[in-house]
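Visitor:
Numbering (this note's numbering), first residue to last: 1028 to 1108.
1. Who are the near neighbours of residue 1055 in its chain, counting only those whose CB is closer than 7 Å to its CB and skipping five residues on each side?
2. Where do the ends of the alpha helix (DSSP H) carrying residue 1045 lie?
3. Quick check on the burial criterion: 16 or more other C-beta atoms within 10 angstroms. Buried or exposed for residue 1058?
4. How big is the Cα-Cα spacing for residue 1101 and residue 1072?
5. Please go through the same chain and pick out, in chain order, the residues whose beta-carbon is closer than 8 Å to the beta-carbon of residue 1050, but skip the five residues on each side of it.
6. In angstroms, rounded to a whole number, what distance separates the CA positions of residue 1043 and residue 1105?
Now the structure itself:
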């Protein structure tokens, strides 16, 4: 039982956590590259574009991520309970 719980939690992290982190960092860097491409020297705008890119990644991946967590939690509840 405990091995199933542990493996499910690890699988949830690997399937969801790693790609989401990569997308957030990637979209943040995309915002950073946009400021460099347009030669924007304002650091506030630079960080704002990074945050907007990270929020866009969260919104883009939000629905599938929530659906996956619901399915895995239901499976985990049925296995343990």
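Glycine included, each C-beta is placed from N, C-alpha and C at the ideal position. All values derive from a computational prediction rather than experimental measurement.
Guide: Taking the structure as given:
1. Reading the chain shown from its first residue, position 28 is the one you call residue 1055. Closer than 7 Å at the Cβ level, and outside the excluded window around residue 1055, lie 1077, 1080, 1081.
2. The count along the chain shown starts at 1 and reaches residue 1045 at position 18. Taken as a continuous stretch (DSSP letters only), the alpha helix (DSSP H) holding residue 1045 covers 1045-1064.
3. Along the chain shown, read from residue 1 onward, the residue named residue 1058 stands at position 31. Buried, by the Cβ-count rule.
4. Against the chain shown, residue 1101 aligns to sequence position 74. Against the chain shown, residue 1072 aligns to sequence position 45. Approximately 42 Å, taken between the alpha carbons.
5. Against the chain shown, residue 1050 aligns to sequence position 23. Hits under 8 Å: 1084, 1087, 1088.
6. Along the chain shown, one-based indexing puts residue 1043 at 16. Along the chain shown, one-based indexing puts residue 1105 at 78. Using only the alpha carbons, I get a separation of about 21 Å.
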